[in-house]
Each structure stands twice: as structure tokens, then as C-alpha cells.
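Peer 1: In full-length UniProt numbering, the protein residues as written are 1 to 161. In this text, a Cβ means the ideal position worked out from N, Cα and C, and glycines have one as well. Keep in mind the model is a prediction, meaning the values are calculated, not measured.
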Amino acid sequence: MTPSRKKVEGARPKFIEWLVARGAQVLRPTSEWELVRFDCASGVAIVYGNSKGGTTFTGEALKAWEAFKGNGAWSAGVRTKRVKLSPVVRTLLERDGDRCFYCFGHTDDTDRSVEHLVPAAHGGPNHISNLVLAHGACNQRAGHLSAMEKIRMRERARGAQ
1 MTPSRKKVEG ARPKFIEWLV ARGAQVLRPT SEWELVRFDC ASGVAIVYGN SKGGTTFTGE
61 ALKAWEAFKG NGAWSAGVRT KRVKLSPVVR TLLERDGDRC FYCFGHTDDT DRSVEHLVPA
121 AHGGPNHISN LVLAHGACNQ RAGHLSAMEK IRMRERARGA Q
């Protein structure tokens, strides 16, 4: 049986402290009905309170609450980073591989950007035929250069290798 809203509200400060000590990231409630919201390895967990004094627990919230009240073991765990590639990036990786258009170095999920050959600021289309992958820093250096200037920049880098 879930605890009453009053019981959760009374224990909220200590519960939040307990969650943080076990690796959870306590988040700001998004509505007046959320009593506690936190992030853990399995995702966001929420304790809701209703107008009749009841509560609803989502995700890991009930397990965490029961461990808190019963002095049991509970850990927020470590969330594994899942990187979801956009369809555009996936298509560019299939077409061109993972190398930076400018420096030819390998890009990865943490340092990969989509670059317009003809800049959008110069009327370039947001179409796959006008897009390449680049490191964030290389993309910054290219800025709003024309397509020819970008290709020259690439060729200079190729000549230096």
C-alpha cells in the first residue's frame, strides 16, 4: 500500500537528502501534483500526490521510498549513455564514413557536427547533398565561408598531411 500524501510531504526533505546520498539527481517538480521528481539509472521517477490525499509512484520511486522507510539498500545506479543518431547523421555516416570533411580525423558522438557546404546564411539548402560531417572546432573555423573557400581549406589540410 502506498503512503498518504501527508506522510510523503512530511518526509520529503529527508527523502530527498537520502536520494542524493545514493546518487539520484533530484529534479524540480513540473506541476503542483509532483511531490518528488528524481532521475536515476532507469529514468525519471516521480511521486505524485492527489487531491484526495493519496499518492502514485512511477518508475523507481516506490522501490526507493520503501528502501528509505525500511532502511533498505537502494542506489540510483549509473545511467548508460544512449546516443541516438539522427537520420541525417546516420545517412552521412553511411555515405562518407566518420571522418571530418576538413581535417580527415575520425569524429565521434561527442565531437561531430553537421556542416553545410554552401552555408544556410548564403542560401544553401538543408539537403543531404549540401551536408557533410565535421568536428565542432573545424566547423567553427569554416564559419560562413563559401563552398569554394571550404574546399580550399580542406585541400590545405590534405596537403599538410
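1. Name the one or two DSSP bridge partners that residue 86 has.
2. Taking the alpha carbon of residue 60 as the reference point, which residue from 50, 39 and 72 has its own alpha carbon closest?
3. Which whole-angstrom value is the C-beta distance of residue 27 and residue 44, which I expect to be below 8 Å?
4. When DSSP labels each residue in this structure, what does residue 36 get in the three-state scheme?
5. Just to confirm before moving on: does the CB-CB distance between residue 77 and residue 21 stay below 9 Å?
6. Give the C-beta separation of residue 4 and residue 58 to the nearest angstrom, bearing in mind that I take them to be a contact with Cβ-Cβ under 8 Å.
7. When burial is assigned at 16 or more other CB atoms within 10 Å of the CB, is residue 49 buried or exposed?
8. Would you tell me roughly how many angstroms separate the C-alpha atoms of residue 103 and residue 68, rounded to the nearest one?
9. In the structure shown, what three-state DSSP assignment does residue 20 receive?
10. Please determine whether the Cβ atom of residue 138 lies at a distance below 8 Å from any heavy atom of the ligand PLP.
11. Identify the continuous alpha helix (DSSP H) that holds residue 68 and give its terminal residues.
12. Go ahead and pull the three-state DSSP assignment for residue 127.
13. Around the C-beta of residue 46, are 16 or more other C-beta atoms found within 10 angstroms, so that it is buried, or is it exposed?
14. By Cβ distance below 8 Å, which residues in the same chain neighbour residue 92 in space, the five residues on each side in sequence not counted?
15. Comparing C-alpha positions only, which one of 30, 120 and 158 sits nearest to residue 143?
16. Taking the straight line between their C-alpha atoms, what separation do you get for residue 33 and residue 8?
17. Taking buried to mean at least 16 other C-beta atoms within 10 Å of its own C-beta, is residue 110 buried or exposed?
Peer 2: This is what the structure gives:
1. To locate residue 86, count along the sequence shown from 1; it is residue 86. Bridge partners of residue 86: none, in fact.
2. Position 60 of the sequence shown holds residue 60. The residue with the shortest Cα to Cα distance from residue 60 is 39.
3. In the sequence shown, counting from the first residue as 1, residue 27 sits at position 27. In the sequence shown, counting from the first residue as 1, residue 44 sits at position 44. Confirmed, about 7 Å.
4. Counted from its first residue, the sequence shown places residue 36 at position 36. Strand at residue 36.
5. For this step, residue 77 is matched to residue 77 along the sequence shown. For this step, residue 21 is matched to residue 21 along the sequence shown. Result no, Cβ atoms of residue 77 and residue 21 do not sit closer than 9 Å.
6. Sequence index remark: in the sequence shown, residue 4 carries index 4 (1-based). Sequence index remark: in the sequence shown, residue 58 carries index 58 (1-based). With a Cβ gap of about 17 Å, residue 4 and residue 58 do not count as contacting.
7. Translated into the one-based positions of the sequence shown, residue 49 becomes position 49. Counting C-beta atoms within 10 angstroms of its own C-beta, residue 49 has 16 or more neighbours from the protein chains shown and is therefore classed as buried.
8. Reading the sequence shown from its first residue, position 103 is the one you call residue 103. Reading the sequence shown from its first residue, position 68 is the one you call residue 68. When rounded, the separation of the alpha-carbon atoms in residue 103 and residue 68 is 53 Å.
9. Numbered from its first residue, the sequence shown carries residue 20 at position 20. Helix.
10. This structure lacks the ligand PLP; in fact it carries no ligand of any kind.
11. Locating residue 68 in the sequence shown gives position 68, where the first residue counts as 1. Counting along the chain, the alpha helix (DSSP H) containing residue 68 begins and ends at 61-69.
12. Within the sequence shown, numbered from 1, the residue matching residue 127 stands at position 127. Under the three-state reduction of DSSP output, residue 127 falls in the coil class, being neither helix nor strand.
13. As a position in the sequence shown, residue 46 is number 46, starting the count at 1. Classification of residue 46: buried, given that the 10 Å Cβ count is 16 or more.
14. Counting from one through the sequence shown, the residue named residue 92 turns up at place 92. Cβ-Cβ distances below 8 Å link residue 92 to 114, 128, 131, 132 and 133 in the same chain, with the five nearest sequence neighbours on each side left out; the list follows chain order.
15. Here the question's residue 143 lines up with position 143 in the sequence shown. Closest by alpha carbon: 120.
16. Start at 1 with the first residue of the sequence shown, and residue 33 comes out as number 33. Start at 1 with the first residue of the sequence shown, and residue 8 comes out as number 8. Linking residue 33 to residue 8 through their CA atoms gives a straight-line distance of about 12 Å.
17. Here residue 110 corresponds to residue number 110 of the sequence shown, with the count starting at 1. Residue 110 comes out exposed.
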